[in-house]
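Numbered by this note's numbering, the letters in the sequence shown go through residues 263 to 484 in order.
Here the structure comes first, spelled out in structure tokens, and everything after it is commentary.
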Amino acid sequence: MMKNRGKSAAIIFLALILSAGCDSWRGFGFHANGSEMPRLRQVLALKPGLAVADVGAGKGAVTVALAAEVGPGGRVFSTEIDPEALEQLRAAVAAASINTVTVVHAQAHETGLPTGCCDVVLLRRVYHHLTDPASINTDLLRALRPGGVLAIIDFPPMLSWLWPWVSPGAPQNRGGHGVAAHLVVEEVTASGFELVQVIDDWPGRGPLASYCVVFRKPQDRQ
């Protein structure tokens with residue numbers, strides 16, 4: 263009996279760790295002064311004046327950090343689908359006294375971003391939730407300027423015996439909660455992006471592996 267109780271407690275603990283990367287927890291583990299921000303700064307070549315999109319921004323921690331990076335001459339588009347999440351985003355932006363953030367109400371099949379609005383687009387722990395990744399990827403290509411960068415941070419399906427289901431409405435080829443990096447590469451390049459690099463040792467998700475896949479919009483695409 264004690265063994266079973268111990269196993270159940272371990273399963274619950276691991277489930278909580280897994281769930282920490284999802285839904286309203288998408289900002290969990292992110293700290294502007296932590297190990298992830300220097301990597302983002304380098305990979306995205308963040309600098310003052312850039313226009314950046316934080317797609318599926320959760321409670322806004324990453325949005326606020328990106329706004330600090332691009333400065334008063336830059337612009338951040340911060341998107342969410344859920345009305346409650348949108349209100350949390352607006353509250354986070356207001357609390358930080360930032361006037362360079364545009365909060366965007368996204369839909370399942372489109373980002374809501376203006377055409378050619380961004381130099382950089384970031385999806386952090388969001389891609390595995392997408393119910394129509396093909397449409398979203400095409401829309402991201404439209405929203406980026408030629409030569410713009412798309413970075414997707416996510417995690418592979420882990421411990422499928424513990425968390426065997428995919429996010430509601432997501433493609434059934436995910437193999438569990440999460441998405442394999444090679445599927446991200448296949449799906450995003452199919453929309454017209456060029457693969458730049460796959461980073462396997464991305465920080466910010468506790469004891470579980472994360473990765474970052476970086477793409478670029480071709481210079482000759484409008």
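Just so it is clear, CB atoms sit at the ideal spot from N, CA and C, and this is done for glycine as well.
Euclidean distance between Cα positions of residue i and residue j
i      : j      : result
GLN304 : SER429 : 30 Å
SER472 : ARG478 : 20 Å
HIS367 : PRO345 : 8 Å
ALA329 : VAL363 : 7 Å
SER297 : TRP464 : 9 Å
ILE461 : GLU349 : 33 Å
PRO499 : PRO310 : Examination of residue 499 is not possible in this model, given that the chain is present from 263 through 484 alone.
VAL476 : ALA347 : 26 Å
THR325 : ASP316 : 6 Å
ALA413 : ARG386 : 8 Å
PRO418 : GLY320 : 20 Å
ALA357 : THR341 : 18 Å
VAL314 : ARG436 : 28 Å
Neighbourhood of residue i by C-beta distance below 6 Å, restricted to the same chain and skipping five residues each side
i      : result
GLY322 : LEU351, ALA354
ILE343 : ALA368
ALA450 : Ala is not the amino acid found at residue 450; the sequence shown has Val there. So the qualifying residues of the chain are ASN399, PHE477.
Residues bridged to residue i [DSSP beta-bridge criterion]
i      : result
HIS367 : GLU342
TYR473 : ASP416
VAL411 : VAL382, ARG478
GLN304 : None; GLN304 has no bridge partner.
ARG337 : ALA313
LEU445 : None, per the DSSP bridge assignment.
LEU204 : Beyond the ends of the chain as shown, which are 263 and 484, falls residue 204; an answer cannot be given.
Residue i (DSSP reduced to helix, strand or coil)
i      : result
ARG483 : coil
LEU351 : helix
PRO418 : coil
ILE398 : helix
LEU312 : coil
VAL317 : strand
VAL382 : strand
PRO465 : coil
VAL458 : strand
LEU375 : coil
Whole-Å CB distance - residue i paired with residue j, under 8 Å assumed
i      : j      : result
GLY454 : ARG483 : 6 Å
ALA384 : LEU306 : In the sequence as displayed, the identity of residue 384 is Leu instead of Ala. About 7 Å separates the two Cβ atoms, so the contact holds.
ASP401 : GLU372 : 5 Å
VAL338 : HIS390 : The Cβ separation is near 23 Å, so there is no contact.
GLN481 : GLY409 : 5 Å
ALA432 : LEU392 : 7 Å
VAL411 : GLY318 : Contact doesn't hold; Cβ gap of about 17 Å is too wide.
Same chain, Cβ closer than 7 Å to residue i, five either side skipped, listed in chain order
i      : result
LEU312 : VAL332, GLY336, ASP381, VAL382
ARG404 : THR377
ASP394 : ALA370, HIS371
Own chain partners of residue i with C-beta closer than 8 Å, once the 5 adjacent residues on each side are dropped
i      : result
GLY374 : THR341, VAL366, HIS367, ALA368
ALA396 : GLU449, ALA452, SER453
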